Every structure is written in C-alpha cells, then in structure tokens.
C-alpha cells in the first residue's frame, strides 16, 4: 500500500509539474513560429545598432588622427564612378592604417589585445569591435548557467572581465585572423575589401545565432529537468506525510 500510494503521488506531482513546463515551452514555440518575422526585424535592429556603434567608434578615432587623408581618397570618387574606381578607392580606405594615439593605446591593448604601436586597419578595427561584442554576449549567456552567477548585472560584469582576459591572451586577435581567412575564399575576394568585410560580419552573425540557439535549448532543457526533480521531491514528501498520518491513526 505504501509503494502504491507513493507511486501515485509521485506520478501526480511529477506529471503536473512536467506538463506545466512542457505546455509553457509549447506556447513559446508556437509564438516564435507565428511571429518569426518580428523576431527577425528585432535582430536586424540590434545589428544596425552594432554597426552604428562601430561607425561612431571609427569616426572618433579618425577625428583624433588627422593623418589618414581620407578626404582625398573620397574626393577621387566624384570624378569617376566606374566599378574599378569604386573598388580601388574603397580598398584604399579600408586598408588605411589607423595610428592610435598614445593616450588610447592602453585601452586598445586591454580591450582588443593590441600591442603598443601595432598597426591596425579600418577593416580590422570593424571586425575587432564586432567580434568583441559577440564574444561578450556569448560569455554572458554561458555564465548564466552557473548558479553562483545567474542573470543580471553580475553576469554582465563577470562577462566583461572574462572577455577582457580573452582579448589580453590574444584570443580575439586570433579569431579575427581566422574570420578574415574564411572571407578570402581562397583568394577570390582578395581585391574586394568591402565585400570581405560584409562576409566577415555575416559569418560572425551566423556563428552567434547558432551558438545562442543552442544555449537557449540547453536552458529550456535544464528547466524541464528541474521541474521533473521538483515534482519527484514533492511527490516523495507527500507520500511520506501520508504514511506518517496513517501510522498515527
């Protein structure tokens, strides 16, 4: 009788808790399928924000550095708008070396892992900024699995520290070189700097999307497991309570 009551109670509590979690996950799945276009637009808005951030950062560096000579390069486009001229001028702009001021070299070393007086081009800077932000978002998502970290400001703070350590160790620089090698397509796009930048950003966005989807799946799975364990514990406690009451009668 004890085993029967215990099993029924455990199945009742476990089944109820699990059903509630599965129902919640099912509703979330239907919502995502039905409003997928809205989610896509939201992601695009986030991408636009990142691009604007990169442009503003690059503009700030250009303002501090007057030796780039971009005005002359851009002015040459007014006279000829053929594909070859646009390609050449664009590659020239993207390949320009940015001389980081001495008072900012410390921050570039801490944030991106660049050494003092290390040359960096505009296209490299764009990929550095985009990769750094994506690394921060992924590290923060992984840290949320740790019970001691959880979600919120603590996860962001630890995520920033971990991302800075990765950059100092040379991880960001190594990944930037790997991304550029993928975008080269065995030399087919060697002379197309702008196309190479776009492909590099698409690769970064694709990697971030796949990893973030996997992390969301793991979080949902962990919620189901926690609900099942909670149902089993509640069923066991209920069965023990019934047994204690019967023994006192």
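In the working numbering, the protein residues as written are 800 to 1048.
Note that beta-carbon positions come from the ideal geometry of N, C-alpha and C, so glycine has one too.
Since the model is a prediction, treat every value here as computed from it, not as a measurement.
In chain order, what residues of the same chain lie with their CB nearer than 6 Å to the CB of residue i, ignoring the 5 residues before and after it?
i            : result
residue 1014 : 940
residue 1020 : none
residue 907  : 899 and 913
residue 951  : none
residue 894  : 920
Give the single residue among the options whose Cα lies nearest to the Cα of residue i.
i           : options                  : result
residue 899 : 1005, 933, 918 and 943   : 918
residue 922 : 994, 959, 973 and 908    : 994
residue 904 : 894, 916 and 1009        : 916
residue 979 : 924, 949, 959 and 960    : 924
residue 896 : 943, 906, 911 and 920    : 920
residue 968 : 891, 909 and 893         : 909
residue 981 : 997, 958 and 970         : 997
residue 973 : 1011, 1012, 1022 and 911 : 911
Let me check one thing: in DSSP terms, what residues is residue i bridge-paired to?
i           : result
residue 920 : 896
Whose C-beta lies closer than 7 Å to the C-beta of residue i among residues of the same chain, with five residues either side of it excluded?
i            : result
residue 962  : 931, 934, 935 and 938
residue 1000 : 929
residue 965  : 934 and 971
residue 957  : 942 and 948
Looking at the secondary structure, which residues open and close the alpha helix (DSSP H) in which residue i lies?
i           : result
residue 905 : 901-911
Less than 8 Å between C-beta atoms, sequence neighbours within five positions excluded: which residues of the same chain meet that for residue i?
i            : result
residue 1017 : 944
residue 954  : 939, 942, 943 and 948
residue 975  : 923, 926, 927 and 930
residue 959  : 935
residue 1003 : 926, 929, 930, 933 and 978
residue 1007 : 933, 936 and 937
**OP:** Counting only runs of 4+ residues fully inside the region 951-985, write out the alpha helix (DSSP H) ranges in chain order.
**Re:** 952-967 and 970-982
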